[in-house]
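A quick write-up on the structure given underneath.
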Amino acid sequence: MKRRLISILVTSVMATSLISACGSAGSTTIGDEATPRSATIADDGKVLNIYCWNEEFKSRITDHYADYEEVDATHGKIGDVSVVWNITPSDDNAYQNNLDATLQKQSEAAADDKVDIFLVEADYALKYVDTDYTVPVADLGITAGDVADQYQYTKDVVTDSNGNLKGLSWQGTPGVLFYNREAAREVLGTDDPDEVQQYVKDWDTFNQTAEKMVDAGYHMTSSVMDSYRVYSNNVTSKWVENGKINIDDNIMRWVEDSKKLYDMGATGTHALWSADWSTGFYPEGKVFCYFGPAWLINFCMAADTEGSIGYQGGWGAATGPQGFFWGGTWICAANGTDNGSLIKDIMLTMTTDESVLKDIVVKDDDFANNKNVMNEMASSSDYSSKILGGQNPLGMYCAGVESIDLSNLSSYDSGCNLDFQTAITNYFEGNATLDEALDLFYQACVERYPELSY
Amino acid sequence: MNIDNRKAVRYNRWGYIFLIPFVVTYLIFNLIPLFTTFYNSLFENYMSGLTQIGPRFVGLANYVTLLSGGELLTYAANTVIIWIMGFIPQILISLLLGAWFSDPSLRLKGTRFFKTVIYLPNLIMASAFSMLFFTLFSDGGPVNGLLMDLQILSGPYKFLSHVWSTRSLIAGMNLLMWFGNTTILLMAGMLGIDPALFEAAQVDGAKPRQIFFHVTLPLLRPILVYTLITSLIGGVQMFDVPQVLTNGSGNPVRSSMTLIMYLNKHLYNKNYGLGGALSVILFFCTAILSMMVFKLSESKE
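Going line by line, the protein sequences match chains A and B.
Counting in this note's numbering, the first sequence runs from 1 upward without gaps.
Counting in this note's numbering, the second sequence runs from 455 upward without gaps.
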């Protein structure tokens, strides 16, 4: 009997070993991150390692950085330096997990394996910028004068708490409302951007227009998540105040408005980027509008696919109820890089060279991070977007970009935004009351950030 | 006597030598991690962004945090419910198929082919299988499309927004993936029963049903217990299917959040303290469950 008991115990020890193996990886403690290190930049590296989460930056470099030669899907060459693209999708935080692990080993890594450049998004930029893993661009030899024409908000995102600028971006990402011209003609009787704007000029009017859309068999937006950024960028407080989780009034307004829209069938609860969310890129999807910046329409809305609305030039752009920005990609130089002057050249060429930036706008319909270029192109009739049916949306972007306010950005944003959307979906779908859904959010947030309370 | 004994010892020595590789790997990869897990569970130790917090000794505080919330019980209940929903039909189907396949009097054709086919779902990676189901059952997916074309539904049914449809999908996937494996195990068990017993029962005038319930099932018990325990342990560790299907959220209202998905939540910020404590609790749960099953199967002997 005793022996049998022991054998049972041993069997169950073995059985749980899978579980315990996950938990015990912690015995190897990572070196203390708090110790400040001075920036080390060398210059004779033979390999340039770039960490990013999609093909966007690679295609920008391939198209607009003259010295770059493509070797294969993940390798290239600039002069005699070989470029290695390390692309990890950002789903489920995979990009950051991978980057964190690599950065933490940066000081021990061989020179050719060290991260040289990595890209960040606004939602979590502070997490990296406020550490010594990033190098101030001044240390690379880039002066304030070099970047004087860039929009101030793009610099605020990547400025650390000591006022050092630590990254640069080639794009500004003010968002507008992209509407389906055909739906606008059918339901509103016009597809002129200025007249359509009258139907979406503030949230109350927007919600009234939604009723019309429902009656005509259209969805106002594809998902409640579409308008999330528009509300969350216009908050008056941060997600975390003094270590406590804080839900801003404007976020709650999003919940209230979205619940109404969802209940009347004007929108769905699909996650962004899901197949269901994307159905509105095609006429059969019957979606009136999407909110987004320039990169959404040129890079994500299937504009290259035959039959899509974008392919037929069937979108229009209007300012929408409130200004906002979404995403944006910043180039950061990693501490310990051995390609200092090459990084400097890439940063300057891609983010300050006016002819390159103009080219990016024309070829890729992006919104470039340069006041002069954008103001000039906004007022000229030379530029028009094919996807937008010949409209020149740059003036709208230029106006929007001035209103972007980043004073309420925090390093918790990416996690809080995600957890909030996931939890509150339960309320929209009627599986939980508002309070229950908020509890789920707090719970998920504390799991993610154990240092927070609510 | 003395000489015999020494021979036995010398002979036994080979047994021990052959055991060394197992014992060494077991110690390094299983037993030591088990103890370090327990050790880790006594510390506050996680990453806040890129900053390491701790390790700081906090005693049993992690256990108190986990057990006082009550969520743990919910997730345990979710896990058990989804496991039972998959296991009961699985064992019934497997018994039936096993009985058919192992019965020579039925003269089934192509059993070998079907044995392979029912095992095939197990060869697909669970996450790929789950992704497939996610696409099939999404709002605009083919299942909804089919149901609407057949006029069974007027609008799409949101499979992943309802508690029981989500759980059923997870249970159904587990069923599909594992019933082949169980069938083959049970069939092996049935073929191992002495045919003389079946013949004797037939001669005594037993009907097929009586043979199944009074001869096959009792003799199959060791295999059934084995299936139950392996499936139970697999059930406690249920992770990849619901994780991928619900995108890690366990929605709706975390009703399909399993224990290991909850553990995974703590690994986002490398929270080794809470994660370790949860693993230790899981270890004891599994141990107790296994012991209960052993006891139950023993008492009837």
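Where is the CB? At the ideal position from N, CA and C, for every residue including glycine.
How far does the beta strand (DSSP E) with residue i in it extend, from its first residue to its last?
i, result
"LYS77 (chain A)", "75-78"
"ARG510 (chain B)", "505-511"
"HIS720 (chain B)", "No beta strand (DSSP E) holds HIS720 (chain B); the alpha helix (DSSP H) holding it covers 713-721."
"PHE178 (chain A)", "174-180"
"PRO293 (chain A)", "287-293"
"ALA317 (chain A)", "315-318"
Residue i and residue j: beta carbons closer than 8 Å?
i, j, result
"TRP537 (chain B)", "ASN576 (chain B)", "no"
"PHE291 (chain A)", "GLY320 (chain A)", "yes"
"VAL240 (chain A)", "LEU452 (chain A)", "yes"
"GLU429 (chain A)", "PRO696 (chain B)", "no"
"GLY316 (chain A)", "PHE281 (chain A)", "no"
"ALA318 (chain A)", "THR134 (chain A)", "no"
"TYR228 (chain A)", "GLN421 (chain A)", "yes"
"LEU168 (chain A)", "ALA138 (chain A)", "no"
"ILE387 (chain A)", "ASP364 (chain A)", "no"
"ASN532 (chain B)", "TYR726 (chain B)", "no"
"THR269 (chain A)", "SER223 (chain A)", "yes"
Are the C-beta atoms of residue i and some chain B residue less than 8 Å apart?
i, result
"SER411 (chain A)", "yes"
"TYR133 (chain A)", "yes"
"SER27 (chain A)", "In this predicted model, SER27 (chain A) has a pLDDT of only 35, less than 50, meaning its place in the structure is not dependable; the value taken from the coordinates is given anyway. It does; some Cβ of chain B falls within 8 Å."
"PRO89 (chain A)", "no"
"ALA275 (chain A)", "yes"
"GLU121 (chain A)", "no"
"ASN431 (chain A)", "yes"
"LEU272 (chain A)", "no"
"PRO136 (chain A)", "no"
"PRO283 (chain A)", "no"
"THR40 (chain A)", "no"
"LEU207 (chain A)", "The amino acid at residue 207 (chain A) is misidentified as Leu; the sequence shows Asn. It does not; no Cβ of chain B falls within 8 Å."
"TYR95 (chain A)", "no"
"THR35 (chain A)", "Here the model assigns THR35 (chain A) a pLDDT of 41, short of 50, so the residue's position is not dependable and the matter cannot be decided."
"TYR311 (chain A)", "no"
"GLN443 (chain A)", "yes"
"THR422 (chain A)", "yes"
"ASP72 (chain A)", "no"
"GLU108 (chain A)", "no"
"THR279 (chain A)", "yes"
Need the endpoints of the alpha helix (DSSP H) that residue i sits in, please.
i, result
"VAL698 (chain B)", "694-699"
"VAL84 (chain A)", "Taken as a continuous stretch (DSSP letters only), VAL84 (chain A) belongs to no alpha helix (DSSP H), being part of the beta strand (DSSP E) at 81-87."
"PHE541 (chain B)", "525-556"
"GLY688 (chain B)", "671-690"
"SER278 (chain A)", "275-278"
"ASP419 (chain A)", "413-428"
"SER584 (chain B)", "580-590"
"THR351 (chain A)", "340-352"
Compare the C-beta of residue i against all C-beta atoms of chain A and say whether one is closer than 8 Å.
i, result
"PRO696 (chain B)", "no"
"ASN725 (chain B)", "yes"
"ASN705 (chain B)", "yes"
"THR528 (chain B)", "no"
"LYS719 (chain B)", "yes"
"ASN576 (chain B)", "no"
"TYR722 (chain B)", "yes"
"ILE677 (chain B)", "no"
"ASP593 (chain B)", "yes"
"GLY564 (chain B)", "no"
"ILE545 (chain B)", "no"
"TYR611 (chain B)", "no"
Between the Cα of residue i and the Cα atoms of the options, which residue gives the shortest distance?
i, options, result
"LEU750 (chain B)", "B:PRO676, B:SER495 and B:LYS612", "B:PRO676"
"LEU574 (chain B)", "B:PHE588, B:ALA625 and B:LEU629", "B:LEU629"
"TRP273 (chain A)", "A:GLN312, A:LEU357, A:MET225 and A:GLY285", "A:MET225"
"TRP330 (chain A)", "A:ASP338, A:ALA66, A:MET347 and A:GLY336", "A:MET347"
"GLU455 (chain A)", "A:ASP345, A:PRO193, A:VAL176 and A:ASN392", "Outside the displayed range of chain A (1 to 454) lies residue 455 (chain A), so it cannot be described from this structure."
"SER403 (chain A)", "A:PRO174, A:GLY314 and A:CYS300", "A:PRO174"
"ASN162 (chain A)", "A:LYS155, A:ASP130, A:TYR95 and A:GLU55", "A:ASP130"
"LYS569 (chain B)", "B:TRP554, B:PHE583 and B:MET627", "B:TRP554"
"GLU447 (chain A)", "B:TYR493, B:GLU525 and B:PHE476", "B:GLU525"
At least three beta-carbon pairs within less than 8 Å, the segment 638-645 of chain B to the segment 664-681 of chain B: yes
Could you say if the segment 116-124 of chain A and the segment 397-415 of chain A meet the contact criterion of at least three C-beta pairs nearer than 8 Å? yes
Near-chain D residues of the segment 248-272 of chain A (beta-carbon distance less than 8 Å), N- to C-terminal order: Although the question refers to chain D, the structure presented lacks it and instead comprises the protein chains A and B.
Please determine if the segment 726-740 of chain B and the segment 549-564 of chain B are in contact, where contact requires at least 3 C-beta pairs separated by less than 8 Å. no
Just checking, does the segment 369-381 of chain A make contact with the segment 394-408 of chain A on the three C-beta pairs under 8 Å criterion? yes
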